[in-house]
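Protein chains in written order, with UniProt numbering: chain Z, 1 to 158; chain R, 1 to 327.
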């Protein structure tokens, strides 16, 4: 309790104030301090992509990002993806439509990564989708349906 | 991860002052520092966040060369159209590294300073012996699982591979690391392990990378990066090569050739013996094949990594032929 610091984070359009130790990652801040448990902790060492969120519109790994580091940046999590009326994002719809998961644990990270992948213009072919989604592992092996979902969502969003 | 104090630097001067203090580490993308802090390899008492510094992320390309600020993100440099046009090997090396998320986080300065993926280095609680972590404690990799370890530039103290892709392209293209006013060629920036594997680069305490520059050249413009690995994506190189070629006006004779070798050495490796064997020669498959064997002259395998002695020259050869076909 000796080394805590007060942070103001812009998460899903709302300013959140929290008191944490400097070593607290954005992932732990979201899950344990802000009760935003949609972002998942997989490997916690930057290898699986389950913790993917957007910072200033770009996809990053929240497990290798300090919460303190992103003060003043715009953070978007899976909870911030649907619109104000609660309608699902087209990528979320596509994951449901194409059955792009089994256990679902990697899904929030897959979806956050897919939204950015499409926005970056990296969903032009199945090969390109596989390459630019390679940072998101799915141990159930739902990859064929994930590629389908990203491909179809890209069409809807274009 | 052990707790640490956190300082957000507001100027380069403030960051440098802090960096000179003991047990202090600079935080940029965080992809190496936080990873190693969680493994128990890094244990800083003070972390100095330099990500809020302004003006260190510029990417400029002109007739003399490229200037890339230390805080430019890998993904931004890879997607820069001038870098793609003038330094394709640099853009390709960056695009084939890590994952989209990591490339959005990791900076160019941090990328150069990434640490080895040696599993023994990364696991201090299971493997106390590691000369890189703890000088004089021994090396578990020499007789351990060393499929990914280096065959070039090794010593009896350390065979850990330098894992990066970008630096392989940079060493081939004679890039320069800027430490503020002080400038060091990339080839001199990285050190061989020798008896001091814990010393990986020429940076002194209280210095930080502020930029890298790459001189313009025909070879840089006609360059490519070829990476061979166990998976198609999101994997470190088993062997890789950055090659740039300039031909004489006859379009066949090699005037200038630059070759960087990755995934096989303890530092980003310049394959000068191959360059010397090919300069002035016509680019023909047989000539390239025999010259490429020189890439592994003096190589030492340690069991699991023996295949690299065969693989590395083949990757160099393929990269030369591919670049030659494009030039």
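Virtual Cβ for every residue (Gly too), placed ideally from N, Cα, C.
Cβ of residue i within 8 Å of any chain R Cβ
i, result
"residue 91 of chain Z", "no"
"residue 139 of chain Z", "no"
"residue 1 of chain Z", "Low confidence applies here, because residue 1 of chain Z scores a pLDDT of 43, under 50, leaving its location unreliable; read the following figure in that light. False, the Cβ-Cβ gap to chain R never drops below 8 Å."
"residue 68 of chain Z", "yes"
"residue 59 of chain Z", "yes"
"residue 82 of chain Z", "no"
"residue 117 of chain Z", "yes"
"residue 179 of chain Z", "Look at the range of chain Z in this structure, 1 to 158, and you will see that residue 179 of chain Z is not part of it."
"residue 135 of chain Z", "yes"
"residue 77 of chain Z", "no"
"residue 107 of chain Z", "no"
"residue 5 of chain Z", "yes"
Residues that residue i contacts on chain Z, provided the C-beta gap is smaller than 9 Å
i, result
"residue 54 of chain R", "Result: empty, since nearest Cβ-Cβ is about 12 Å, beyond 9 Å."
Burial state of residue i (16 or more Cβ within 10 Å)
i, result
"residue 15 of chain Z", "exposed"
"residue 275 of chain R", "buried"
"residue 86 of chain R", "buried"
"residue 6 of chain Z", "exposed"
"residue 126 of chain R", "exposed"
"residue 156 of chain Z", "exposed"
"residue 39 of chain Z", "buried"
"residue 133 of chain R", "buried"
"residue 307 of chain R", "exposed"
"residue 156 of chain R", "exposed"
"residue 125 of chain Z", "exposed"
"residue 25 of chain Z", "buried"
"residue 1 of chain Z", "Since pLDDT at residue 1 of chain Z reaches only 43, below the 50 mark, its modelled position is unreliable, and no value is offered."
"residue 28 of chain R", "buried"
"residue 339 of chain R", "Here chain R has residues from 1 to 327 only, and residue 339 of chain R is not among them."
"residue 83 of chain Z", "exposed"
"residue 35 of chain Z", "exposed"
"residue 244 of chain R", "buried"
"residue 73 of chain R", "buried"
CB contact below 8 Å: residue i versus chain Z
i, result
"residue 25 of chain R", "no"
"residue 105 of chain R", "yes"
"residue 161 of chain R", "no"
"residue 87 of chain R", "no"
"residue 48 of chain R", "no"
"residue 81 of chain R", "no"
"residue 126 of chain R", "no"
Residue i: contacting residues in chain Z (beta-carbon distance under 7 Å)
i, result
"residue 40 of chain R", "Within 7 Å Cβ-Cβ: nothing; residue 40 of chain R doesn't reach chain Z, min ~12 Å."
"residue 74 of chain R", "Ordered by position in chain Z, no residue passes the 7 Å Cβ test against residue 74 of chain R, which lies about 12 Å from the chain."
"residue 336 of chain R", "Because chain R here runs from 1 to 327, residue 336 of chain R falls outside it and cannot be looked at."
"residue 51 of chain R", "69"
Residue i: contacting residues in chain R (beta-carbon distance under 7 Å)
i, result
"residue 52 of chain Z", "101"
"residue 131 of chain Z", "233"
Within chain Z, the residues that residue i reaches when beta carbons sit closer than 8 Å
i, result
"residue 253 of chain R", "By Cβ distance, chain Z contributes nothing, its closest Cβ being about 37 Å from residue 253 of chain R, past 8 Å."
"residue 35 of chain R", "45, 46, 64"
"residue 1 of chain R", "23"
Within chain B, the residues that residue i reaches when beta carbons sit closer than 7 Å
i, result
"residue 4 of chain R", "Among the chains of the structure shown, chain B does not appear; the protein chains present are Z and R."
Closer than 8 Å at the beta carbon, the chain R residues around residue i
i, result
"residue 17 of chain Z", "Simply none; closest approach about 17 Å."
"residue 113 of chain Z", "100, 101"
"residue 49 of chain Z", "99, 101"
- Task: Report yes or no: do three or more beta-carbon pairs, one from the stretch 17-31 of chain R and one from the stretch 133-144 of chain Z, lie closer than 8 Å?
- Result: no
- Fully enclosed by the stretch 95-130 of chain R, which beta strand (DSSP E) runs are 3 residues long or longer? Taking only runs of at least 3 residues, no beta strand (DSSP E) segment lies wholly in the stretch 95-130 of chain R.
- Within the stretch 195-223 of chain R, ranges of the beta strand (DSSP E) (whole runs, at least 3 residues): Counting whole runs of 3 or more residues, the stretch 195-223 of chain R contains the beta strand (DSSP E) stretches 211-215.
- Check whether the stretch 206-220 of chain R touches the stretch 57-74 of chain R, counting contact only when three or more Cβ pairs, one atom from each stretch, lie closer than 8 Å. Enough Cβ pairs lie closer than 8 Å, so yes.
- Query: Any contact of the stretch 78-98 of chain Z with the stretch 181-198 of chain R, i.e. 3+ C-beta pairs under 8 Å?
  - Reply: no
- Message: Threshold first: 4 residues or longer. Then list the alpha helix (DSSP H) segments lying entirely within the stretch 242-284 of chain R, N to C.
- Response: 272-278
- Task: Inspect the CB distances between the stretch 280-289 of chain R and the stretch 241-253 of chain R and report whether three or more fall short of 8 Å.
- Result: yes
- Message: Within 8 Å, do at least three Cβ pairs link the stretch 65-85 of chain Z to the stretch 142-151 of chain Z?
- Response: no
- Would you mind listing the alpha helix (DSSP H) stretches within the stretch 22-69 of chain R that are 4+ residues and don't spill past its ends, in chain order? 33-39
- Task: Please go through the stretch 62-94 of chain Z and give each complete beta strand (DSSP E) segment of 3 or more residues, from N-terminal end onward.
- Result: 74-76
- Message: Across the stretch 111-118 of chain R and the stretch 142-162 of chain R, are there enough close Cβ pairs to call them in contact, namely three or more that are closer than 8 Å?
- Response: yes
- Please determine if the stretch 228-238 of chain R and the stretch 135-145 of chain R are in contact, where contact requires at least 3 C-beta pairs separated by less than 8 Å. no
- Pair every Cβ in the stretch 40-56 of chain Z with every Cβ in the stretch 98-109 of chain R, then say whether three or more of these pairs are closer than 8 Å. Output reads yes: the stretch 98-109 of chain R touches the stretch 40-56 of chain Z.
- Item | Inter-stretch contact at 8 Å, needing at least 3 Cβ pairs: the stretch 255-270 of chain R / the stretch 300-317 of chain R | With a cut-off of 8 Å, the stretch 300-317 of chain R and the stretch 255-270 of chain R count as touching, because enough Cβ pairs lie within range.
- Item | Cβ contact (3+ pairs, closer than 8 Å) linking the stretch 44-52 of chain R and the stretch 22-31 of chain R | yes
- Message: Quick test of the definition: if touching needs 3 or more C-beta pairs under 8 Å, does the stretch 147-154 of chain R touch the stretch 285-305 of chain R?
- Response: yes
- Task: Spell out a yes or no on whether the stretch 57-67 of chain Z and the stretch 103-123 of chain Z are touching, meaning 3 or more CB-CB pairs, one atom from each, closer than 8 Å.
- Result: Contact between the stretch 57-67 of chain Z and the stretch 103-123 of chain Z is present, because at least three Cβ pairs lie under 8 Å.
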